[in-house]
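See structure below.
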Amino acid sequence: MSIRYFRELTEAEDILPAHTILLGKALNWAALAVEGSGGINASCLSQLAHCYRLLSVWPKLKLQSLGIEENKEYEFKQQSELLFDLASDLEPHRQEQKKDEFWRLRERQLLAHMAE
């Protein structure tokens with residue numbers, strides 16, 4: 009479910025209030041998957057990391073509307089990096105996998121757009 013919501017987000021041109029809800033759902037389902045796997049499934053950890061990375065560049069006003077404190081982007085970025093590192097430790101070959109899927113391109117574009 010997290011992947012479905014996350015990929016829907018990567019299709020966004022502009023971030024609207026409904027997209028904040030999608031991000032929350034993606035984050036929630038990814039966290040549940042990590043919990044359900046006991047924190048040892050690299051794919052689940054990676055999905056949660058993608059959600060945190062997007063959260064680290066999410067518009068501050070939209071985060072504040074959810075009650076998320078200001079200046080959390082650094083913590084979200086750190087959490088993302090930690091989760092990606094854990095996934096890599098569990099499955100070192102993941103870094104060798106092809107990383108040019110269309111959704112990854114859309115994610116990079118969205119991250120760049122939001123970081124402007």
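Letter by letter, the sequence shown follows residues 9 to 124 of the numbering used here. Even glycine gets a Cβ: it sits at the ideal position worked out from N, Cα and C. Here the structure is a predicted model, which means the values were calculated and not measured.
Do residue i and residue j have their C-beta atoms within less than 7 Å of each other?
{"i": "ALA38", "j": "SER10", "result": "yes"}
{"i": "ALA34", "j": "TYR13", "result": "yes"}
{"i": "CYS52", "j": "VAL65", "result": "no"}
{"i": "THR28", "j": "LYS70", "result": "yes"}
Can you grab the Cα-Cα spacing for the pair residue i / residue j, in whole Å?
{"i": "PHE92", "j": "LEU56", "result": "9 Å"}
{"i": "ASN79", "j": "LEU17", "result": "22 Å"}
{"i": "LEU113", "j": "ASN36", "result": "23 Å"}
{"i": "LEU94", "j": "GLU104", "result": "16 Å"}
{"i": "GLY46", "j": "GLU124", "result": "37 Å"}
{"i": "ARG15", "j": "TRP111", "result": "7 Å"}
{"i": "ASP22", "j": "ALA120", "result": "12 Å"}
On the three-state DSSP scale, how would you describe residue i?
{"i": "GLN117", "result": "helix"}
{"i": "GLY32", "result": "helix"}
{"i": "ALA95", "result": "helix"}
{"i": "ILE11", "result": "helix"}
{"i": "TRP20", "result": "Before going further, note that residue 20 is Ala rather than Trp in the sequence given. ALA20: coil per DSSP, three-state reduction."}
{"i": "GLN86", "result": "helix"}
{"i": "PRO105", "result": "This sequence places Gln at residue 105; Pro is not what is there. Coil at GLN105, not helix or strand."}
{"i": "GLU81", "result": "helix"}
Does the ligand ADP have even one heavy atom less than 6 Å from the beta-carbon of residue i?
{"i": "GLU19", "result": "Inclusion of the ligand ADP in the displayed structure is not the case, the ligand content being empty and no account of it being possible."}
Practice problem: Give, in chain order, every unbroken run of the beta strand (DSSP E) that is at least 3 residues long and sits entirely within the region 22–74. | Solution: Secondary structure in the region 22–74: no beta strand (DSSP E) run of 3 residues or longer lies completely within the stretch.
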